[in-house]
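Each remark here refers to the structure printed beneath this line.
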Amino acid sequence: MMNIKQVLDAKGLACPMPIVRTKRAMDALDTGEVLEIHVTDKGSVKDIPAWANKSGHDIVKHEEEGDVLKFWIKKA
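Residue 10 in full-length UniProt numbering sits at position 10 of the sequence shown; the count goes up by one each step and never skips.
Given below as structure tokens:
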């Protein structure tokens, strides 16, 4: 089971705001906690995993639900 600490609603935001909000939310989490992110910006399908990889965090899960992309990122 995932330790989801926070859900970030970034729907309707254009690049780079989903990444900016994701970074801000991740900074507030403790190691091992998970951030669930909901976005509609199609660029996020590549941007969020690339940012997480560069930052050392793990994408635990990714799914698409209609126009909404959902990511679960575990803080390293």
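Positions of the beta carbon are idealized from the N, C-alpha and C atoms, including for glycine.
**Those residues which DSSP pairs with His62 across a bridge** = In the DSSP output, where bridge partners are listed per residue, His62 has Phe71.
**Item:** Whole-number beta carbon distance between Asn3 and Val34, since they are thought to touch under 8 Å
**Value:** 5 Å
**Request:** Can you grab the Cα-Cα spacing for the pair Asp47 / Ala28, in whole Å?
**Result:** 20 Å
**Item:** Contact under 8 Å by Cβ, Gly43 with Lys75
**Value:** No, they are not a contact pair.
**Prompt:** Out of Val7, Arg21, Lys5, Gly12, which has the shortest C-alpha to C-alpha gap to Asp67?
**Reply:** Gly12
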